[in-house]
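What the sequence shown shows, in numbering that gives the first Met the number 0, is residues 0 to 467, in sequence order. Every residue, glycine too, gets a C-beta built ideally from N, C-alpha and C. Model, not experiment: these values are computed from the prediction.
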Amino acid sequence: MKFSCPKCKSKIEIQKTFNKKMHVSCSKCGIEDILEFSKNPDEVFLEFLERFDKGLVTEKGLTEGLTDEGIIRSEKEIKEMIGKTSPEKFIEKILFSKKDFISDYKILKNSEPKMGCKVEELGLNENISDYLKELKINQFYKFQEDAIQEIVFGENIVIEAPTASGKTEAFLIPVIEKIKKESHQGKVFAIFVYPTKALARDQFPKIKKFADKIKINVKVFDGDTKIEERREINDVPPEILVTNFDVLHYHLWHQTKFSSLLNSAKILVVDEAHVYSGIFGSNVHYIIKRLKRICNSKLQFIAASATLEDAKAFCEQLFGEKMQIIKGSGKKGETDFVMLFPSLRTQRKLMVELTKKLTDKNHKTMIFSNSHLNAELLAMQAKKQKINIKVHRAGLMANYRMSVEKQFKEDKLQAISCTPTLELGIDVGNVDCVISSTIPVNRLTQRIGRAARKGQRGYAFLVLGNDP
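So this is what it looks like as structure tokens:
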């Protein structure tokens, strides 16, 4: 139901606040009031009209009182927070909206990555060098150069670098170089493990394109692999096997025919290694121990991650081996980071409004929720605001998820309402903005890493509070 402002006849908004009050406001003339909670908006509006008639609702609004109570920040505090930075006008409007408590604002600056040697200087296979030049890669980053050399030498390494910084190339190129020099066709040489089927399927085409250049066979073996493909893998094992730890656990435990293919493996690559923490990480540690036992030769371990605190120690525990760490940075633009708490409205209402402001500026936006339900509800409310948005979450058909990724990548979609399915490195093209609900800091870093790719300016919002 629409309520009209008694002063200017514009639309009145009624929102439940974080402390179970009702905030009544007019965005045009600025009058507002805080009333006791009621499930009936009609009752709230009638009380608001009575108070307006009695002169208890002033044009000055509630800014001073809300500031005194710590519900919103004062303009002075926000200006001090901004300091000498120059946020864009639409960011300023968000910071000074007087609807939310601004917990923090800063510009995250990214250092330029150190450049390494020219592609032709590493002595790579000629077909690989030519393919890299086709991709407009004429020079490696320093961390890529270091990783390639150490992997070729047989070292166990951890590659720690931001999302979309070239980690995949850093481990893929030396692995296929080693396969070309050392492998016998028809035996598994390297196992690439990804935390989700979606990420494995997303990375598979990139891996295959590189491998095809020097006639190396690559296959995916997971829960979605058809029976005919499984038979083919068992009959003619690929040199590179792309899978996940659930599949490895099942087949190692049951000692299937597939598990016997793994004993020829010489390299284990684990991407997004930070995922394997806690109890899940302990289980993975023992899967790796079982894999070590069945392998005919000592395994070389390679881990890659965008966000890991003390990555070296973490991976040494995970693999039970000494590891060497190689750190890199990606070429990214600056990111405006805003942390805010929805004092006078719900978390979802704020996230939808932010999405609207960002997409109106033609900024491609990813909105992360921590549950399927919240992702669906947010998309539903966003569609009412005429936002071109779709949901991406686990449980949806793989073809549908891939269609959403493709539409977003091709700029046919303004926004994606997603769960942690897109937190990892699935390629959805350039992303301008990320909006996230409350999340542990390492996962927040992963999400923020989605924005400001390839030298562009990015925007990241952490919306505190709980969904109703």
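Just verifying my parser: in three-state terms, what is the DSSP assignment at residue i?
i	result
T62	helix
G69	coil
Y104	strand
D466	In this prediction, D466 has a pLDDT of 46, which is less than 50 and means its spatial position is unreliable; what the coordinates show is noted afterwards. Three-state DSSP puts D466 in coil, outside helix and strand.
E46	helix
A305	coil
T334	strand
H248	helix
V157	strand
H362	coil
I136	coil
K348	helix
S328	coil
T444	helix
A197	helix
E74	helix
M322	coil
C314	helix
G457	strand
Checking 8 Å against the spacing of the C-beta atoms, do residue i and residue j come in under that value?
i	j	result
A264	I190	yes
K1	K10	yes
A374	C314	no
Y104	I81	yes
K20	C4	no
R392	T364	no
F89	K360	yes
F170	I301	yes
V192	F244	yes
R449	V462	no
F17	G464	yes
H284	G327	no
V217	I206	yes
I287	F188	no
F367	E422	yes
Throw me the rounded Cβ distance for the residue i and residue j pair, which I believe falls under 8 Å.
i	j	result
N126	K212	4 Å
V433	A459	5 Å
Q143	G165	6 Å
T444	T306	4 Å
I175	I147	Actually they do not touch by this definition, with Cβ atoms about 11 Å apart.
V151	L131	Contact doesn't hold; Cβ gap of about 16 Å is too wide.
L376	R347	6 Å
L317	Y249	Rounded, the Cβ-Cβ distance is 20 Å, inconsistent with contact.
I425	L261	That pair is no contact at about 26 Å.
F36	F340	Wrong, their Cβ atoms sit about 19 Å apart, outside the cutoff.
E308	N441	7 Å
N124	K179	6 Å
Can you tell which of the options has the C-alpha that lies nearest to the C-alpha of residue i?
i	options	result
L65	I415, L343 and R347	L343
F61	I30, E91, F89 and L45	The amino acid at residue 61 is misidentified as Phe; the sequence shows Leu. Of the candidates I30, E91, F89 and L45, the one whose C-alpha sits nearest the C-alpha of L61 is I30.
Q202	V118, V219 and F188	V219
A310	Q299, V151, Q323 and F300	Q323
A378	I415, E238, E76 and T345	I415
I388	Q380, G394 and E333	Q380
G115	P86, Q138, A303 and K6	Q138
L48	F36, E63 and S24	S24
E149	K177, D221 and S128	K177
K98	V56, N124, E133 and D32	D32
S370	S435, N398 and R72	S435
E168	G153, K179, E154 and I136	I136
N282	Y140, S368, G54 and L247	L247
R292	T84, W252 and E68	W252
T420	L412, Q413, D410 and M396	M396
R456	K186, K382 and H362	H362
Within 10 angstroms of its Cβ, does residue i collect 16 or more other Cβ (buried), or is it exposed?
i	result
T255	exposed
P467	Only weak support exists for where P467 lies, its pLDDT of 43 falling under 50; the value from the coordinates is given anyway. It is exposed - the Cβ of P467 has fewer than 16 other Cβ atoms within 10 Å.
P161	buried
M350	buried
N39	exposed
A451	buried
L290	buried
T57	exposed
A210	buried
T242	buried
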